[in-house]
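A.B. asks: Residue 354 is where the sequence shown ends in my numbering, and the numbering goes up by one at each step.
Don't be surprised by glycine CBs; every beta carbon is placed ideally from N, CA and C.
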Amino acid sequence: MKVIVAGTVAIDDVKTPKVERTGLMGGSAAYAAMSCSFFAKTRIVGIIGKDFPKEHITTLENSGICTEGIERSEGDSFYWSGEYHENMDDRTTHDVAINVLEAYEPKLPESYSDTELILLANMSPRNQLDVLNQCSNAKYSIADTMDIWINHERDELIELLGKIDLLVINESEAQLFMETRNLVSAGKKLMSLGPKNVIIKTGEHGSMLFGKNENEFFRLGAYPLEEVEDPTGAGDCFVGGIAGFIASQNQGFPSFNDLKSAIARGTVMASFNCESFSVEGLSSLDSNKISERLNQLLSYTQI
């Protein structure tokens, strides 16, 4: 199955306790598409400005990602500047400039019309709905979201949840959205809004998967890393790996066990992302390294 990854494509400036880097490729679609491309044919959808470095597009294309769905605008690209503190969990956003995203209306190329799996990476629910409504051949759809959309486009987000198959969301945002601190309760409440399955990301503690049946629950820890270079985009790489694995199975709607296997792949991809800045860790990755780390992760979870 081919995959559309729709979301943001950005220019990031990132500072950590050790290093400061500027002009990096960022954005939910960039990270998710890079991760997805290791498992399935990937097509990206987003918008960039006139200031977006050509070498970043080359990086995507060198990974086999079709960039025909990236719109080029005369404005400035979406920009984010942030700083990670000593524990690499706490982050301060110094600057965000929406720029070309402000008036963005996604338009999918005709060549994307046969795509069967849609990954709606983090962006406005209005844009996510626009993309989904253009995908008449889609067999499976995944969406990610964040607190800004919960607070400012709640109605559109609820509409979206009634149309997708899998929701992926951070723990703090699940708690905010469902107004409960209990993640099990939050997961079940999110399921009642329409998705067939829900995954709650719990950062360094991994993720939780919820199914329709009472006994369908799964939890997997994160891959243990001694050093974290830059965690930006880890959640996007996680969902990109999930989408790519589901697509690689070529069977349409995944079973609960398929989703468990997909989470393991997403976990591995997120771990590689954290070891380098931007998508640099993914750019130098190969299938052997992915398989080796996957086997390590699975061995850690066995009793």
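Can you pull the DSSP bridge partners for residue 193?
C.D. replies: Beta-bridge pairing links residue 193 to 170, 217.
A.B. asks: In the DSSP assignment, what residue or residues form a beta bridge with residue 130?
C.D. replies: The partner list for residue 130 (beta bridge, DSSP) reads 62, 148.
A.B. asks: Would you kindly report the start and end of the unbroken beta strand (DSSP E) that includes residue 252?
C.D. replies: Residues 248 to 252.
A.B. asks: Roughly how many angstroms lie between the CA atoms of residue 259 and residue 78, to the nearest whole one?
C.D. replies: Taking the straight line from one Cα to the other gives about 24 Å.
A.B. asks: Within 10 angstroms of the Cβ of residue 140, are there 16 or more other Cβ atoms? Answer buried if so, exposed if not.
C.D. replies: The residue in question, residue 140, is exposed, as its Cβ has fewer than 16 Cβ neighbours within 10 Å.
A.B. asks: Between the Cα of residue 303 and the Cα atoms of 151, 216, 120, which residue gives the shortest distance?
C.D. replies: Closest by alpha carbon: 216.
A.B. asks: Could you check where the alpha helix (DSSP H) with residue 237 kicks off and where it finishes?
C.D. replies: Counting along the chain, the alpha helix (DSSP H) containing residue 237 begins and ends at 234 to 242.
A.B. asks: By DSSP, does residue 199 sit in helix, in strand, or in coil?
C.D. replies: Helix.
A.B. asks: Residue 126 to residue 58, Cα distance in whole Å?
C.D. replies: Straight-line Cα distance between these residues: approximately 18 Å.
A.B. asks: Taking C-alpha atoms, which residue in 293, 236, 174, 254 lies nearest to residue 268?
C.D. replies: Ranking the options by Cα distance to residue 268, first place goes to 236.
A.B. asks: Which residue comes first and which comes last in the beta strand (DSSP E) that contains residue 71?
C.D. replies: First-last of the beta strand (DSSP E) with residue 71: 71 to 77.
A.B. asks: Give the DSSP bridge partners of residue 142, in chain order.
C.D. replies: DSSP output for residue 142 lists 135 as bridge partner(s).
A.B. asks: Which of the three DSSP states, helix, strand or coil, is assigned to residue 315?
C.D. replies: Three-state DSSP puts residue 315 in a helix.
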